[in-house]
Amino acid sequence: MQIRRWHDGKILAQQPLMDMAGYIGHRGDYHDAFLRAVRDAGIEIRMGCEVASYDENKPSITLADGTEVVADLIVGADGIKSKTRELVLGFHDAPKSSGYSCFRSYFPGDYLKGDERCKDFVSQDSVNIWIGPDIHLIQNTLRDGKEVNIIMTRKLSHEEDMEIKESWFQDGDINEVLALTTDIDPRIRAAVEKIPGPPYLLDWKICYRDPLPTWVSKSHKIALLGDSCHPHLPTSAQGASQATESAGALAVCLKLAGKDSIPLATRTYEKLRYPRTRLSQRNGEDLRDRWHNALKNLDEGAEIDPESVKMRNRWLYSFDAEGDAMQRWPEMSSRVSDELRAGVITPLSDEMV
Ligand SMILES: Cc1cc2nc3c(=O)[nH]c(=O)nc-3n(C[C@H](O)[C@H](O)[C@H](O)COP(=O)(O)OP(=O)(O)OC[C@H]3O[C@@H](n4cnc5c(N)ncnc54)[C@H](O)[C@@H]3O)c2cc1C
Numbered sequence: 001m002q003i004r005r006w007h008d009g010k011i012l013a014q015q016p017l018m019d020m021a022g023y024i025g026h027r028g029d030y031h032d033a034f035l036r037a038v039r040d041a042g043i044e045i046r047m048g049c050e051v052a053s054y055d056e057n058k059p060s061i062t063l064a065d066g067t068e069v070v071a072d073l074i075v076g077a078d079g080i081k082s083k084t085r086e087l088v089l090g091f092h093d094a095p096k097s098s099g100y101s102c103f104r105s106y107f108p109g110d111y112l113k114g115d116e117r118c119k120d121f122v123s124q125d126s127v128n129i130w131i132g133p134d135i136h137l138i139q140n141t142l143r144d145g146k147e148v149n150i151i152m153t154r155k156l157s158h159e160e161d162m163e164i165k166e167s168w169f170q171d172g173d174i175n176e177v178l179a180l181t182t183d184i185d186p187r188i189r190a191a192v193e194k195i196p197g198p199p200y201l202l203d204w205k206i207c208y209r210d211p212l213p214t215w216v217s218k219s220h221k222i223a224l225l226g227d228s229c230h231p232h233l234p235t236s237a238q239g240a241s242q243a244t245e246s247a248g249a250l251a252v253c254l255k256l257a258g259k260d261s262i263p264l265a266t267r268t269y270e271k272l273r274y275p276r277t278r279l280s281q282r283n284g285e286d287l288r289d290r291w292h293n294a295l296k297n298l299d300e301g302a303e304i305d306p307e308s309v310k311m312r313n314r315w316l317y318s319f320d321a322e323g324d325a326m327q328r329w330p331e332m333s334s335r336v337s338d339e340l341r342a343g344v345i346t347p348l349s350d351e352m353v
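Just so you know, we're using the UniProt record's numbering here: the sequence shown kicks off at 1 and counts up by one.
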């Protein structure tokens with residue numbers, strides 16, 4: 001992974017991919033692996049069902065077609081715009097702008113292969129990041145150069161910040177992308193010029209949410225998971241990873257608590273997971289700020305310390321979420337038992353050390 005200077009592509013730092021020994025994969029392939037495992041376990045998946053409302057005490061969900069589904073526990077893994085989160089919090093939680101917006105483009109690698117200036121990007125898998133004041137652009141390939149991903153994150157002006165709505169599917173304007181990249185390294189500029197317009201180009205305002213005081217409903221029988229309770233900035237590169245860890249930890253808690261003690265499981269789960277996900281969220285903010293400020297007020301030719309622009313994700317990877325839940329279960333579940341008995345659950349922010 002090369003971290004480069006915005007205007008000429010000079011390599012400022014190099015490090016293993018995402019600061020780990022690993023691979024970048026397409027989310028569709030990752031999703032597929034989950035689906036296969038769920039099907040192999042004989043678990044039914046119902047597609048195309050919109051959850052319209054909840055009864056948190058039964059607990060149950062009611063689908064848009066009126067069908068009610070009752071369960072021992074409901075897990076609201078319904079993403080950044082989660083309906084479940086409102087139920088858990090008891091109020092409408094408005095999205096908060098992060099002050100940044102992303103142009104996201106994903107297109108066939110063949111578009112770049114014929115151009116001498118950019119064919120290196122697709123001759124094999126590659127990851128390059130160009131950083132500049134208040135802006136960065138990430139280019140990577142997938143499937144051995146067959147597909148290209150370009151994501152550009154920029155700071156919004158106050159007016160833009162007020163105007164852009166939170167949406168994952170707002171068409172991007174290629175002219176705006178071209179205007180923002182007039183002074184970028186000519187090699188990646190040549191690639192940017194080949195970005196097909198929508199639907200290959202999206203303009204995505206990055207919204208964020210304040211940390212929640214709880215991930216679990218008052219009845220203790222509805223729990224949030226993933227982006228619904230711990231959304232990450234793209235610079236964390238951790239949203240799906242942390243969601244997966246949380247799922248592993250919740251499963252361990254349910255197994256250890258047993259079916260008759262769902263409240264003990266859900267309340268222990270949130271306390272076990274909150275501090276780690278907060279640190280991982282902050283990691284993304286820190287990296288974005290380091291990238292966007294590294295070259296500000298620097299004289300031409302001034303060197304920067306490569307360490308100052310590297311990802312610092314290594315500590316996140318060598319972690320066994322299930323093992324951690326098992327190890328800390330006795331102490332944490334005993335605290336939670338006391339809280340449940342007293343009827344006073346401490347807010348999650350108190351879990352940070
Ligand atoms: C540009 C970009 C780059 C990223 N890079 C990385 C990365 O490198 N590494 C990483 O780990 N993560 C990354 N992420 C983050 C990752 O995609 C998310 O964190 C992850 O998808 C969250 O999973 P989730 O299951 O919590 O929510 P989602 O994936 O949002 O899934 C929620 C699901 O719930 C459904 N739903 C919502 N409401 C209802 C309802 N009422 N009824 C029925 N269904 C409903 C939605 O349709 C959706 O299918 C990136 C994200 C973006 C946008």
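Ideal Cβ positions, reconstructed from N, Cα and C, are used throughout, including at glycine.
- Closer than 7 Å to some heavy atom of ligand 1: that does not describe the Cβ of cysteine 253.
- Each of Ala321, Val51, Ile345, Ile24 was checked against the Cα of threonine 244, and the nearest Cα belongs to Ala321.
- Nearest C-alpha to arginine 27 among Leu180, Asp289, Asn149: Asn149.
- For tyrosine 106, the three-state secondary structure derived from DSSP is strand.
- Here glycine 28 carries a helix assignment [DSSP, helix/strand/coil].
- Distances taken from the Cβ of aspartate 338 to the heavy atoms of ligand 1 include none shorter than 7 Å.
- DSSP places alanine 52 inside the beta strand (DSSP E), whose first and last residues are 51–55.
- Taking C-beta atoms under 8 Å as the contact rule, lysine 218 and glutamate 351 fail to qualify, at a distance of about 19 Å.
- Tryptophan 291 and valine 127 have their C-alpha atoms some 16 Å from each other.
- Counting only the Cα atoms, glycine 132 lies some 11 Å from leucine 298.
- Here the stretch 105–112 lies against the stretch 139–155, with 3 or more beta-carbon pairs under 8 Å apart.
- In this structure, leucine 233 lies near glutamate 285, with their beta-carbon atoms less than 8 Å apart.
- For ligand 1, a non-hydrogen atom lies closer than 7 Å to the CB of alanine 243.
- Non-local C-beta neighbours of arginine 267 in its own chain, meaning closer than 8 Å and more than five positions away in sequence, comprise Val216, His220, Val336, Glu339, Leu340, Ile345, ordered along the chain.
- Nearest to lysine 96 by C-alpha distance, out of Ile3, Ile206, Pro199, is Ile206.
- Going by DSSP, aspartate 203 is part of the beta strand (DSSP E) stretching over 201–208.
- In the three-state DSSP reduction, aspartate 185 falls in the coil class, being neither helix nor strand.
- Here the alpha carbon of alanine 64 sits roughly 22 Å from the alpha carbon of phenylalanine 91.
- Annotation for histidine 232 indicates a beta carbon within 7 Å of some heavy atom of ligand 1.
- Counting C-beta atoms within 10 angstroms of its own C-beta, isoleucine 222 has 16 or more neighbours from the protein chains shown and is therefore classed as buried.
- At a Cβ-Cβ threshold of 8 Å, isoleucine 135 and methionine 152 count as neighbours.
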